[in-house]
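Note sheet for the following structure.
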Amino acid sequence: KQEVTQIPAALSVPEGENLVLNCSFTDSAIYNLQWFRQDPGKGLTSLLLIQSSQREQTSGRLNASLDKSSGRSTLYIAASQPGDSATYLCAVSWGAQKLVFGQGTRLTINP
Amino acid sequence: NAGVMQNPRHLVRRRGQEARLRCSPMKGHSHVYWYRQLPEEGLKFMVYLQKENIIDESGMPKERFSAEFPKEGPSILRIQQVVRGDSAAYFCASSPPSGVGEQYFGPGTRLTVT
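Just so you know, the sequences run in chain order A and B. Numbering-wise (my numbering), the first sequence opens with residue 554 and increments by one. Numbering-wise (my numbering), the second sequence opens with residue 30 and increments by one.
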């Protein structure tokens, strides 16, 4: 069964720290992996997409890496800010179609 | 380029009524996906459609739920005879016909069944 797991479920850090969010998936034959941000009561904002042939993607203070052989992806956030507080979702596609989501990591950045 | 549009944003229905949720994909996108987020649960895939075709409905409940994406107009997710367990946020996403399969999400419709 193709599943996505995110640990931890919640994370609280002081402002300014660098942090890493983890995502693991079964079945390494992925098509792509997307990281999203979801604010309370809102929709999903796409942060980064990594294709199966790529090892990492960067956007501003965000860097996402992909290691298919170990079934893992990490989202690195540099110099965290209170505005980064949100739930971060990892989603995997195994066939360029439906996404399978992890449960998310609820991130709180304390001023 | 406007993003994915969903309406209504909030919908309240009594048990037994019908709910119709609409989704207009981004311009140039011909692939539409519906996902459901139950309270305190993750997002789950429901159905994947292209214009006039259902491609994958493996996540759709067997009864009461249907989806369409007509040649003209928005995609519609229809829930007949709603029950309290249908209360959830329903998200629509779209992607272009070619490319790397990146999906862009709408703001969601929050359905409350009373």
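Cβ coordinates follow ideal geometry from the N, Cα and C atoms, glycine included. Computed from a prediction, not measured in an experiment: that's the story for all the values here.
Span separating the alpha-carbon of residue i from that of residue j
i	j	result
lysine 73(B)	threonine 640(A)	16 Å
alanine 644(A)	arginine 42(B)	31 Å
serine 599(A)	glycine 102(B)	25 Å
proline 37(B)	leucine 660(A)	29 Å
methionine 75(B)	tyrosine 62(B)	7 Å
valine 566(A)	serine 605(A)	31 Å
glutamine 656(A)	serine 123(B)	21 Å
glutamate 97(B)	serine 127(B)	21 Å
leucine 547(A)	arginine 608(A)	Nothing can be reported for residue 547(A): it is not among the residues displayed for chain A, which extend from 554 to 664.
lysine 91(B)	tyrosine 64(B)	15 Å
Contact check, residue i vs residue j, beta carbons under 7 Å
i	j	result
alanine 118(B)	glutamine 66(B)	yes
lysine 100(B)	lysine 80(B)	yes
valine 573(A)	threonine 611(A)	no
isoleucine 662(A)	proline 635(A)	yes
glycine 130(B)	asparagine 585(A)	yes
histidine 58(B)	proline 136(B)	no
leucine 140(B)	serine 116(B)	yes
glutamine 555(A)	valine 653(A)	yes
Residues near residue i in its chain [Cβ-Cβ closer than 8 Å; skip 5 each side]
i	result
glycine 624(A)	Ser577, Phe578, Thr579, Asp580 and Ser581
Local conformation of residue i per DSSP, three classes
i	result
aspartate 592(A)	coil
aspartate 115(B)	helix
aspartate 85(B)	strand
aspartate 580(A)	coil
proline 664(A)	coil
proline 567(A)	strand
Close beta carbons around residue i, own chain, < 6 Å, minus the five adjacent residues each side
i	result
tyrosine 629(A)	Val573 and Asn616
leucine 50(B)	Leu106, Tyr119 and Thr138
threonine 143(B)	Arg43
histidine 39(B)	Arg139
Cβ-based neighbour list, residue i, same chain, cut-off 7 Å, excluding 5 preceding and 5 following
i	result
glycine 648(A)	Tyr584
Contact test: residue i Cβ vs the ligand ZN heavy atom, cutoff 6 Å
i	result
leucine 615(A)	This structure does not include the ligand ZN; it has no bound ligands of any sort.
Is there contact here, the segment 560-567 of chain A with the segment 86-103 of chain B, by at least three beta-carbon pairs under 8 Å? no
Hey, is the segment 42-54 of chain B in contact with the segment 108-124 of chain B, meaning 3+ C-beta pairs nearer than 8 Å? The segment 42-54 of chain B, when compared against the segment 108-124 of chain B, does touch it at the 8 Å Cβ threshold.
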